[in-house]
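Notes follow the structure.
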Amino acid sequence: MTPARDPVSLQRGFFERSAHQLAPQLLGATLLVDGVGGVIVELEIYEQSDPASHSYGGPTKRNASMFGPAGHAYVYRSYGVHWCLNFVCAPSGEASALLVRALEPTHGVEKMIERRGVSDPRKLCSGPGKLCQALAVGAKHDGLPLDETPFQVLARARELEIVRCRRIGITRAREKHWRLCASGSPYLSRGPGRG
DNA sequence: CAGTGGATGCTCT
DNA sequence: GAGCATCCACTGT
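Take a look at the structure:
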């Protein structure tokens, strides 16, 4: 039995380990921005040796946050239209991160509906661009620590079955199964989580 | 349900 | 100037 307990806010030191170790621990955690957010149901690993990673070619102005300390946010603009949020998670210098790809909305759903302009809960945070719009994440969040306002990351409250899937939406190293999904969740970014 | 293409702007070569 | 860690509308079954 899992007794009910108060949620534990994860401090930035929690993120000081490899992305591969951290990803299974963060799936099922709750991400809040100004009190709005939900349970993380999909994550993608990007490490520096990965040709698909922004950090692959070394530090640049855009990816500076990825080379900064763990436990901070890396936010970038995608296709000139959307924002995407990462958790910087390896020790400084290794430049790996976890892309938050989908949430199950639990906190501030009305606010998300207002920002997204749709009411179907499955369409609020089912993609990296969508969840940033729902949580109002943008350029000003790049480089901010994840254990301070407006961010809050609450530890997973119970165990969760994890499915590893083929990555999607990228052109290089697509074959790596570095996309972690909460098994059977209806809030994933694409399909039922198979790949 | 699967596949396609346009929008849109910033980063890096 | 090319390419992009996306989303949505639209097409054809």
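Quick note: the first sequence, position 160, residue 1298 per the working numbering, numbers continuous. Backbone N, C-alpha and C fix where the C-beta goes; we use that ideal spot for every residue, glycine too. Note that this is a predicted model, so its numbers are computed, not measured.
What are the start and end residues of the beta strand (DSSP E) that includes residue i?
i	result
Arg1239	Ala1235 to His1245
In whole angstroms, what is the alpha-carbon distance linking residue i and residue j?
i	j	result
Asp1280	Gly1255	25 Å
Ala1277	Leu1298	32 Å
His1210	Ala1157	13 Å
Ala1240	Phe1225	13 Å
Glu1248	Pro1259	10 Å
Phe1153	Met1250	27 Å
Leu1284	Leu1170	10 Å
Gly1307	Ala1235	17 Å
Arg1302	Asn1201	26 Å
Val1238	Lys1314	17 Å
Would you mind sorting residue i into buried or exposed? The rule is 16 or more other CB atoms within 10 Å of its CB.
i	result
Gly1196	exposed
Gly1173	exposed
Thr1287	exposed
Val1219	exposed
Gln1186	buried
Lys1199	exposed
Ala1228	buried
Gly1331	Any reading at Gly1331 must be qualified, since the residue scores a pLDDT of 40, below 50, and its modelled position is unreliable; the value itself is stated next. Gly1331 comes out buried.
What are the start and end residues of the alpha helix (DSSP H) that includes residue i?
i	result
Leu1164	Ala1157 to Leu1164
Our contact map puts residue i next to residue j with C-beta atoms below 8 Å; I'd like the distance itself, whole angstroms only.
i	j	result
Leu1262	Ala1274	Contact doesn't hold; Cβ gap of about 13 Å is too wide.
Could you say if the stretch 1157-1167 and the stretch 1313-1326 meet the contact criterion of at least three C-beta pairs nearer than 8 Å? Three or more Cβ pairs drawn from the stretch 1157-1167 and the stretch 1313-1326 lie within less than 8 Å of each other, which places the two stretches in contact.
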